[in-house]
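Protein chains in written order, with my numbering: chain F, 1381 to 1767; chain X, 2 to 256. As structure tokens, the structure follows; a few thoughts come after it.
Structure below.
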């Protein structure tokens, strides 16, 4: 493990800088991290060295041929200037979207700053031997302006350019990011909508038949009207809850099925007997939302309703050889071969496997006088239910 | 003379609701039959010959649509259905009378007024075509066909392939099945399934109902004879003369 002072310093810097980066917007953070990496690379270090050399060259150019000026203070000033400009550029880069990064403002402020600096520098450098008077002020303006103004304007222009390029790049990247986010959201919404459509289990035919029965019973003063409406209320509420999640516990699913069967029992009268029994150790297993209702609806629609004498629907959930077994049995008409065999069933099987893994099974078979739809899933791991 | 009606719905509550609504909107309509499934409805139609039939679409045995196809214009048919976009569009497109559950008094009154104004049902052929289109639009499942009959005779169960059946005849709560035997002679067994429940399980191309209590294999009929307004079907190589009731005489028409 590398424990050299340099690497320890780098780690410490990384920790320090991380907290600051967290406050940056995502795009700027990305750039900052990249810049960090670049600065600590050979190229980055090379560029830093280059800047120092540049400052040295500038100082040499100013001092050369003027033996009365000493070289070191000028070098120091040039170093300061070069790094100030570099950091000004960088801060422009990271100041995206702020007032200070507007090009016009940059040009004006940088130019004025350069001029003010030039004047102050000129006046300051002569303060000791020549004092300060109106003539000096005039000289500062006339002698400094022609040199500093173009330099200042040039620098300001460069900074403004950095800012403009940056803003443009930033906007382009933000657009791409936004488009991606929108696409992802659209996709998510589409799959959610699909799911909800699947879960919109209460078909209008059932709903209106039930309302029709409730309306008549109420008009006739039959007390079953209240029961029917209470069960319908329970079913709708439960189903609405189910549309908020993709899966539900066996206990919740069983509750929904009880409401549904209670409604069917009132409507079909003696043609339907039913029973739902859920053993405690199977109650927590997860099923795709409304899947049990789908199986029970099928039992009613294809088993009991077409049978002249009706029949019996039984829903059981229990644990059998370490797996949860859920069964919907009916004694009505056997399932008939259809033009599109079991699209609903295939769909349900896929949802079940998505939720409970490839070992989950869904089968529909005729056993003697009964049609049995059965779901096998692995028993939920009790340790996994920490939340 | 007041009109007579049949109502059929597999839910008793819905039948009561319809009865109640009809009683208030059409007080002099006499309800002569109240049926809990399609097979009963068809049987009751043959028995009572009502002028109007109110039929639920989804019923066990025969669907409302199948009953309407059998009634074939011999009575005004009004379908009674719970709301569903799909079905309503099909009814509208087919110019077929229908009522929507829950029943709305205003709309019920309009529908009944239209029904009373119309003296006779649509011509049979056109009606058949309309019902055919409706059946296609509603996507009714293909009916289940029976292939072998099982009859207990003494201590054994005898299997009779439907192909060997000559005719079925209602016999109190049983059905008498007259069938061919391998040696060419005939035999008969009794089965427990009532004739009306057997009917939906037989291929209507191969088996014709010729009377409320008789279904006969078409290929076994050699000819029919008329006597005034009565008709008899004669069988190949058998002495029976089977009565063809008025409702079914239309099945026999020279080409």
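Beta carbons: idealized from backbone N, C-alpha and C, even for Gly.
**Request:** Rank F/1416, F/1523 and F/1632 by C-alpha distance to the C-alpha of residue 1667 of chain F and give the top, closest one.
**Result:** Along the first chain, read from residue 1 onward, the residue named residue 1667 of chain F stands at position 287. Minimum Cα distance to residue 1667 of chain F is reached at F/1632.
**Request:** Please check if any C-beta of chain B sits within less than 8 Å of the C-beta of residue 1756 of chain F.
**Result:** Looking at the structure shown, chain B is missing, and the protein chains on hand are F and X.
**Request:** Would you kindly check if the distance between the Cβ of residue 152 of chain X and the Cβ of residue 101 of chain X is under 8 Å?
**Result:** Residue numbering aside, residue 101 of chain X sits at position 100 when the second chain is read from its first letter. Residue numbering aside, residue 152 of chain X sits at position 151 when the second chain is read from its first letter. The answer is no: Cβ separation not under 8 Å.
**Request:** Determine the contact status of residue 176 of chain X and residue 201 of chain X, defining contact as a CB-CB distance below 8 Å.
**Result:** Position 175 of the second chain, counted from the first residue, corresponds to residue 176 of chain X. Position 200 of the second chain, counted from the first residue, corresponds to residue 201 of chain X. Against a cut-off of 8 Å, the Cβ pair of residue 201 of chain X and residue 176 of chain X comes out as no contact.
**Asked** Bridge partners of residue 1619 of chain F, per DSSP?
**Response** Translated into the one-based positions of the first chain, residue 1619 of chain F becomes position 239. Note: residue 1619 of chain F sits in no beta bridge, so no partner.
**Asked** By how many angstroms is the C-alpha of residue 1732 of chain F removed from the C-alpha of residue 1767 of chain F?
**Response** Within the first chain, numbered from 1, the residue matching residue 1767 of chain F stands at position 387. Within the first chain, numbered from 1, the residue matching residue 1732 of chain F stands at position 352. Reliability fails at residue 1767 of chain F, whose pLDDT of 40 lies under 50, so the model's placement of it is uncertain and the value that follows must be treated cautiously. Residue 1767 of chain F and residue 1732 of chain F: Cα-Cα distance of roughly 22 Å.
**Request:** Note down the Cα distance separating residue 1564 of chain F from residue 1556 of chain F, rounded to an integer number of angstroms.
**Result:** Here residue 1564 of chain F refers to the residue found at position 184 when the first chain is read from its first residue. Here residue 1556 of chain F refers to the residue found at position 176 when the first chain is read from its first residue. Cα-Cα distance, rounded: 12 Å.
**Asked** Which of the three DSSP states, helix, strand or coil, is assigned to residue 192 of chain X?
**Response** Within the second chain, residue 192 of chain X is the residue found at index 191, counting from 1. In this structure, residue 192 of chain X counts as strand in the three-state DSSP scheme.
**Message:** Rounding to the nearest angstrom, what Cα-Cα distance links residue 1423 of chain F and residue 1518 of chain F in this structure?
**Reply:** To locate residue 1423 of chain F, count along the first chain from 1; it is residue 43. To locate residue 1518 of chain F, count along the first chain from 1; it is residue 138. Between residue 1423 of chain F and residue 1518 of chain F, the C-alpha separation is close to 46 Å.
**Prompt:** When Cβ atoms are compared, which residues of the stretch 1588-1601 of chain F fall closer than 9 Å to chain X?
**Reply:** 1588, 1589, 1590, 1591, 1592, 1593, 1594, 1595, 1596, 1597, 1599 and 1600
**Same chain, Cβ closer than 7 Å to residue 1598 of chain F, five either side skipped, listed in chain order** = Taking the first residue of the first chain as position 1, residue 1598 of chain F is located at position 218. Contacts found: 1605.
**Within chain X, partners of residue 1603 of chain F - CB distance below 8 Å** = Position 223 of the first chain, counted from the first residue, corresponds to residue 1603 of chain F. None at all; the shortest Cβ gap to chain X is about 13 Å.
**Request:** Decide if residue 1467 of chain F is buried, meaning its Cβ has at least 16 other Cβ atoms within 10 Å, or exposed.
**Result:** One-based indexing of the first chain puts residue 1467 of chain F at position 87. When all chains shown are included, residue 1467 of chain F counts as exposed.
**Message:** Using CA atoms only, rank isn't needed, just tell me which of X/150, X/250, X/224 and X/249 is closest to residue 239 of chain X.
**Reply:** Here residue 239 of chain X refers to the residue found at position 238 of the second chain. For the residues X/150, X/250, X/224 and X/249, the minimum Cα distance to residue 239 of chain X belongs to X/224.
**Message:** Quick check on residue 1687 of chain F - is its C-beta less than 8 Å from some C-beta in chain X?
**Reply:** Here residue 1687 of chain F refers to the residue found at position 307 of the first chain. Chain X, which has a Cβ nearer than 8 Å to the Cβ of residue 1687 of chain F, makes this yes.
**Asked** With C-beta atoms as the reference, is residue 1662 of chain F less than 8 Å away from residue 1698 of chain F?
**Response** For the purposes of this step, residue 1662 of chain F is taken as the residue at position 282 of the first chain. For the purposes of this step, residue 1698 of chain F is taken as the residue at position 318 of the first chain. For residue 1662 of chain F and residue 1698 of chain F, yes; Cβs fall inside 8 Å.
**Item:** Per DSSP, cross-strand counterpart(s) of residue 232 of chain X
**Value:** Counting from 1 along the second chain, the entry for residue 232 of chain X is found at position 231. DSSP, once it has assigned bridges, lists X/227 and X/245 as partnering residue 232 of chain X.
**Request:** Quick one: give me the first and last residue of the beta strand (DSSP E) that residue 1707 of chain F is part of.
**Result:** Position 327 of the first chain, counting from 1, holds the residue named residue 1707 of chain F. Start and end: 1703-1710.
**Request:** May I ask which residues mark the beginning and end of the alpha helix (DSSP H) holding residue 172 of chain X?
**Result:** Taking the first residue of the second chain as 1, we reach residue 172 of chain X at position 171. Note, residue 172 of chain X: premise wrong, no alpha helix (DSSP H); beta strand (DSSP E) at 166-172.
**Request:** Report the residues of the stretch 1640-1651 of chain F with a CB closer than 7 Å to any CB of chain X, ordered along the chain.
**Result:** 1647, 1648 and 1649
**Asked** Any chance the stretch 1481-1500 of chain F sits against the stretch 1530-1540 of chain F, with 3 or more Cβ pairs inside 8 Å?
**Response** yes
**Message:** Please confirm whether residue 1746 of chain F has its beta-carbon closer than 8 Å to some beta-carbon of chain X.
**Reply:** On the first chain, position 366 is the one that residue 1746 of chain F refers to. Taking Cβ atoms only, chain X never reaches closer than 8 Å to residue 1746 of chain F, which makes this a no.
**Prompt:** Between the C-alpha atoms of residue 1414 of chain F and residue 1755 of chain F, what's the straight-line distance to the nearest angstrom?
**Reply:** Within the first chain, residue 1414 of chain F is the residue found at index 34, counting from 1. Within the first chain, residue 1755 of chain F is the residue found at index 375, counting from 1. Spanning the two alpha carbons is a distance of roughly 53 Å.
**Message:** Once the 5 residues before and after residue 1692 of chain F are set aside, which same chain residues still bring their CB inside 6 Å of it?
**Reply:** As a working mapping, residue 1692 of chain F is identified with position 312 in the first chain. So the qualifying residues of the chain are 1653 and 1711.
**Prompt:** What first and last residue would you give for the alpha helix (DSSP H) that runs through residue 1432 of chain F?
**Reply:** Looking up residue 1432 of chain F in the first chain gives position 52. That run of the alpha helix (DSSP H) goes 1422-1443.
**Prompt:** Mapping DSSP to helix, strand and coil, what is residue 55 of chain X?
**Reply:** Working through the second chain from its first residue, we reach residue 55 of chain X at position 54. Three-state DSSP puts residue 55 of chain X in a strand.
**Helix, strand or coil at residue 152 of chain X according to DSSP, with G and I counted as helix** = By 1-based counting over the second chain, the position of residue 152 of chain X is 151. Three-state result, residue 152 of chain X: strand.
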